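The structure appears right after this line, and notes come after that.
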Ligand SMILES: *Cc1c(COP(=O)(O)O)cnc(C)c1O
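Numbering (this note's numbering), first residue to last: 30 to 395.
Written out as structure tokens, the structure reads:
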């Protein structure tokens with residue numbers, strides 16, 4: 030089976046060196062030394078300050094919403110992973126879906142203002158596939174209407190725009206270090222904040238709002254990262270540049286072989302330094318996508334329909350929340366993410382592209 034992604038695993042010997050340290054220290058969670066080291070190393074690598082490690086990318090979103098004190102309506106993208114919407118609903122807020130741009134598949138800033146009401150507290154947008162939202166325009170709109178901005182940056186580890194980390198935009202950016210992501214700690218995540226006060230709140234909230242022996246200062250939850258997860262991160266982080274380079278090479282093979290086909294790709298904005306986190310392609314129609322998907326599955330290749338369904342159509346939403354988002358619904362019905370991971374071979378990409386081209390040309394695979 031060629032899956033859509035394969036978790037990068039470091040040499041087990043490297044991991045056991047950290048396990049030895051953990052055993053000797055006898056300290057496996059509660060902001061241990063490996064967690065502190067990982068937080069510093071990630072902040073240095075990404076060139077950001079105000080970073081708090083957490084248990085996963087979903088709790089990162091929930092903590093950002095909580096720490097910024099958001100309530101009522103949150104304007105959000107219809108095109109992302111379901112965790113973006115779920116975190117809004119879970120925090121008792123209302124997602125107000127706004128459609129996406131046809132180039133980057135990120136929230137369309139032209140449509141945001143029409144969705145603002147006196148109950149709007151924030152904009153929560155996703156840098157989907159690691160392609161940056163129009164951060165300048167979104168900030169202008171937020172400033173004008175006094176809204177907070179959160180970016181779900183689960184796909185955007187290491188992404189830069191004009192040489193600067195994309196994570197510096199908005200009041201908070203959230204990261205996921207899940208095993209399927211470019212950089213991972215098995216399960217994990219982080220919140221990056223603009224403001225030191227908000228960072229402090231996240232720090233407090235992720236550990237029950239409790240510090241010292243007897244101080245219970247704020248409402249909190251348990252979203253701490255363990256030392257075992259931090260150890261995985263410390264093994265993977267030094268490899269991230271190689272991981273990105275290797276994924277870039279695979280993406281280049283796809284580009285070469287699929288060029289001139291009927292496919293459509295996201296259009297990177299000017300100034301982007303991409304992380305090659307995903308290789309999404311858009312087919313001319315839903316039927317063609319499904320044909321290609323079946324042809325690939327018949328050959329033991331597992332692309333994924335990232336992201337489908339369009340979030341405004343999630344079955345558990347109340348009817349009022351299901352605003353139509355034609356662009357997002359159209360892209361969702363036609364997209365596939367192709368396999369992309371360290372160790373994917375040129376020969377495998379050749380096979381995948383052969384099947385895609387053949388199916389697009391109306392051929393029948395044997
Ligand atoms: C993976 C992902 C999340 C959730 O992260 P977890 O670490 O799995 O909780 C949130 N948003 C997006 C866009 C994601 O892809």
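No residue lacks a Cβ here, since even glycine has one placed at the ideal position from N, Cα and C.
It should be emphasised that the depicted structure is a prediction, and the values quoted were computed from it without experimental measurement.
Secondary structure of residue 386 (DSSP, three-state): helix.
For residue 177, the enclosing beta strand (DSSP E) begins and ends at 177–181.
The shortest C-alpha to C-alpha distance from residue 303 to any of 133, 61 and 288 is the one to 133. Residues of the same chain with a CB within less than 7 Å of the CB of residue 92, apart from the 5 flanking positions on each side, are 83, 220, 231, 234, 235 and 252 in chain order.
Beyond the five residues adjoining it in sequence on each side, residue 195 comes within less than 8 Å, by CB distance, of 156, 161, 164, 180, 182, 185, 188, 189 and 202 in the same chain, given in chain order.
Apart from the 5 residues on each side of it in sequence, residue 34 sits with its Cβ closer than 6 Å to the Cβ of 209 and 370 in its chain, given in chain order. Taking 8 Å as the cut-off, the Cβ atoms of residue 218 and residue 237 do not count as close. As computed with DSSP, residue 124 is found in a beta bridge with 103. By alpha-carbon distance to residue 286, the top candidate from 272, 347, 380 and 336 is 380. The beta carbon of residue 356 is closer than 7 Å to those of 128, 129 and 131 in its chain, skipping five residues each way along the sequence. According to the DSSP assignment, residue 51 belongs to the alpha helix (DSSP H) that extends over 41–54. Between residue 68 and residue 62 a beta carbon distance of about 11 Å is seen, past the 8 Å cut, so the two are scored as non-contacting. Of the other Cβ atoms in all chains shown, 16 or more fall within 10 Å of the Cβ of residue 276; this residue is therefore buried. The alpha carbon of residue 324 has as its nearest neighbour, out of 384, 363 and 347, the alpha carbon of 384.
For residue 64, the enclosing alpha helix (DSSP H) starts and ends at 62–75. In this structure, the straight-line span from the alpha carbon of residue 216 to that of residue 85 is close to 6 Å.
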